[in-house]
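There are 2 protein chains.
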Amino acid sequence: MSIKVVAFDADDTLWVNEPFFYETERKLCALLEDYLPHHTVSQELYRMQIQNLPLYGYGVKSFILSMIEMAMSVSEKTISLDVVEKIIGLGKEMLEKPIELLDDVEHVLHSLSGRYRLVVATKGDLLDQERKLKKSGLEHYFHHIEIMSEKREIDYRKLIKHLDIEPEEFVMIGNSLKSDVLPVLTMGGHGFHVPFHTTWAFEQIDHRIEHANFKEFTSLKEVLAHL
Amino acid sequence: MSIKVVAFDADDTLWVNEPFFYETERKLCALLEDYLPHHTVSQELYRMQIQNLPLYGYGVKSFILSMIEMAMSVSEKTISLDVVEKIIGLGKEMLEKPIELLDDVEHVLHSLSGRYRLVVATKGDLLDQERKLKKSGLEHYFHHIEIMSEKREIDYRKLIKHLDIEPEEFVMIGNSLKSDVLPVLTMGGHGFHVPFHTTWAFEQIDHRIEHANFKEFTSLKEVLAHL
Chain A
69 MSIKVVAFDA
79 DDTLWVNEPF
89 FYETERKLCA
99 LLEDYLPHHT
109 VSQELYRMQI
119 QNLPLYGYGV
129 KSFILSMIEM
139 AMSVSEKTIS
149 LDVVEKIIGL
159 GKEMLEKPIE
169 LLDDVEHVLH
179 SLSGRYRLVV
189 ATKGDLLDQE
199 RKLKKSGLEH
209 YFHHIEIMSE
219 KREIDYRKLI
229 KHLDIEPEEF
239 VMIGNSLKSD
249 VLPVLTMGGH
259 GFHVPFHTTW
269 AFEQIDHRIE
279 HANFKEFTSL
289 KEVLAHL
Chain B
69 MSIKVVAFDA
79 DDTLWVNEPF
89 FYETERKLCA
99 LLEDYLPHHT
109 VSQELYRMQI
119 QNLPLYGYGV
129 KSFILSMIEM
139 AMSVSEKTIS
149 LDVVEKIIGL
159 GKEMLEKPIE
169 LLDDVEHVLH
179 SLSGRYRLVV
189 ATKGDLLDQE
199 RKLKKSGLEH
209 YFHHIEIMSE
219 KREIDYRKLI
229 KHLDIEPEEF
239 VMIGNSLKSD
249 VLPVLTMGGH
259 GFHVPFHTTW
269 AFEQIDHRIE
279 HANFKEFTSL
289 KEVLAHL
């Protein structure tokens, strides 16, 4: 491997994210329990998120809007405005959450910095992701931050063109096989998978990956043995 | 001038934007006319947008959330959920609007392309701005698209560092003196102002600009005489 750029996914790779969405979803279930059983709320919320994704994209503001739309829809507009107000409050709480770094993140970034150009490549809301990076205290490690509306092969091709490197000089480290690993392997780059205990259903894939440029780890610090 | 990069603001510089926000605001006023006179709705909406700006940032999703919050607040939560549903519908309409290019945009981009690196530098929502650029048919003219959470001097400094040029090699063309011109002049770049008939109150400034690197035009095609 002649790696020049090491790119990190952010949510659930550098810091905790998905559990906050689940926590909010549980609170939403409680708000709607007069209308629907919990598992139906979860299903309907997921359906609404996927339906809205092409129009709204990823991130907390989209999530707030989908929660409101879903609550109105399943209740046939019988919920009170207090519920809408509480949903918006839950969303604002998410935007204001402190950052919880995952294990070994500082150690790994410190070890790699100077030896590689380090990059953050993340989906989500522009302002929210910038704010999280700032709050994380990790900003100084990174040469470049790319907030992407999607993580498909074409988006990674734009990124490496922009970084002025070849695909084989690029490694992406992340918790999502679908977004962080597969499209990068297809492009000819390297994909390192560091699973997180919770993965959003939309990011899950149901087949095994076998590829010369693919590596799977159980914790982030294991990447150091390969870089 | 030894300009290398010509950067264009997008909304109300390349295509119509602010009038769609006003159109939506007028529809919101109609929805709320049982509660408040129109001018009060406008004032309260503006207040809510500015209050939410640090948390939500710019763009249509933020606007939808601010409209809902403002409607609940001014009605003391007496509006019906139909109003909330209609507000979300108004927002989705905005996201799906076709692009209306402003006069001379194609001609100006065509004339400048090949002679300068052309860049889009715009605030707003990541996915929405990418989508608008794609729908505009102008994407191929641009070497780089920068969607920014803010347009302060520090943000432009990051942009030119990223473009690997000096401030004096950069000209920004846009309709907002506050966002497109002043911070660029302060940095040492060039600012060309092409006013649009409608400017959001938040983007207005109340003093005249006098600066060697500042130029004011009445239409976009006039920039060609200076580039």
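These protein sequence lines map, in sequence, to chains A and B. Going from the first sequence to this note's numbering is simple: count from 1 and add 68. Going from the second sequence to this note's numbering is simple: count from 1 and add 68. The beta carbon of each residue, even a glycine, is placed where N, CA and C say it ideally should be.
Contact belief for residue i with residue j at Cβ below 8 Å, rounded distance in angstroms
i: B/M255; j: B/E221; result: 5 Å
i: B/V176; j: B/K246; result: In fact, because the Cβ distance is near 23 Å, the residues do not count as touching under 8 Å.
i: A/I215; j: A/L194; result: 5 Å
i: A/Y90; j: A/T266; result: 7 Å
i: B/G259; j: B/F282; result: 5 Å
i: A/V74; j: A/I241; result: 7 Å
i: B/K129; j: A/K200; result: Contact doesn't hold; Cβ gap of about 17 Å is too wide.
Whole-angstrom distance between residue j and residue i, CA atom to CA atom
i: A/I233; j: A/L253; result: 15 Å
i: A/D79; j: A/G192; result: 9 Å
i: A/Y114; j: A/Y124; result: 14 Å
i: A/I155; j: A/L170; result: 27 Å
i: B/S181; j: B/F210; result: 8 Å
i: A/C97; j: B/S244; result: 44 Å
i: B/K226; j: B/K202; result: 25 Å
i: A/A295; j: A/T190; result: Checking the displayed sequence, the identity of residue 295 of chain A turns out to be Leu instead of Ala. Roughly 21 Å separates the two Cα atoms.
i: B/T81; j: B/S179; result: 17 Å
i: B/S297; j: B/F285; result: The displayed coordinates of chain B run from 69 to 295. Any statement about residue 297 of chain B would go beyond what the structure contains.
i: B/F264; j: B/E271; result: 12 Å
i: B/E277; j: B/W83; result: With the sequence shown as reference, residue 277 of chain B is identified as Ile, and Glu is not the correct amino acid for it. Their backbone Cα atoms lie some 25 Å apart in a straight line.
i: B/V249; j: B/V291; result: 14 Å
i: B/A293; j: A/I273; result: 55 Å
i: B/Q119; j: B/L231; result: 33 Å
i: A/S287; j: B/S287; result: 57 Å
i: B/H275; j: A/E153; result: 40 Å
Selected residue, minimal CA-CA separation from residue i, among the options
i: A/K72; options: A/R183, A/P251, A/Y224; result: A/R183
i: A/S70; options: A/E198, A/P235, A/A98, A/P166; result: A/P235
i: A/F76; options: A/H261, A/R276, A/A293, A/H275; result: A/H261
i: B/V188; options: B/I273, B/K95, B/E207, B/E144; result: B/E207
i: B/G205; options: B/H230, B/V173, B/P263; result: B/V173
i: B/S168; options: B/N85, B/K95, B/I277; result: In the sequence on display, residue 168 of chain B carries Glu and not Ser. Checking every option, the nearest Cα to that of B/E168 belongs to B/N85.
i: A/S134; options: A/L104, A/Y224, A/P166, A/L121; result: A/L121
i: B/T146; options: B/L104, B/V291, B/I228; result: B/L104
i: A/D102; options: A/D274, A/S148, A/Q197, A/E153; result: A/S148
i: B/P166; options: B/G157, B/S141, B/E153, B/D196; result: B/D196
i: A/G157; options: B/E164, B/P251, B/I136, B/H106; result: B/I136
i: B/E198; options: B/H230, B/L231, B/E164; result: B/E164
Residues near residue i by beta carbon distance below 6 Å, same chain, minus five either side
i: A/M138; result: E112, L113, M116
i: A/H212; result: V187
i: A/D223; result: M216
i: B/F238; result: V73, I228, G257
i: B/H107; result: none
7 Å CB neighbourhood of residue i in its chain, flanking five on each side removed
i: A/L269; result: For the record, residue 269 of chain A in the displayed sequence is Ala; it is not Leu. Only Y114 meet the Cβ criterion.
i: A/V151; result: L99, A139
i: B/H279; result: L253
i: A/P251; result: K219, R220, E221, Y224
i: A/P87; result: T266
i: B/K95; result: L158
Residues near residue i in its chain [Cβ-Cβ closer than 8 Å; skip 5 each side]
i: A/F131; result: F89, T92, Q117, G159, M162
i: A/S141; result: E112, M116
Check your understanding: Which runs of the alpha helix (DSSP H) fall wholly inside the region 193-229 of chain A and span at least 4 residues, in chain order?
Key -> If we require 4 residues or more, the alpha helix (DSSP H) runs fully inside the region 193-229 of chain A come out as 194-204.
Practice item. Pick out the complete alpha helix (DSSP H) segments inside the region 77-152 of chain A, 4 residues or longer, and give them in chain order. Key: Under the rule that a run must span 4 or more residues, the alpha helix (DSSP H) segments found entirely inside the region 77-152 of chain A read 86-99, 106-124, 128-142.
Review point. Which parts of the region 240-292 of chain B are runs of the alpha helix (DSSP H), unbroken and 4 residues or longer, counting only runs that do not cross its ends?
Key: Taken in chain order, the whole alpha helix (DSSP H) runs of length 4 or more contained in the region 240-292 of chain B are 250-255.
Exercise for review: For the region 152-186 of chain B, list the alpha helix (DSSP H) runs that are entirely contained and at least 4 residues long, ordered along the chain.
Suggested key: Taken in chain order, the complete alpha helix (DSSP H) segments of 4 or more residues contained in the region 152-186 of chain B are 173-180.
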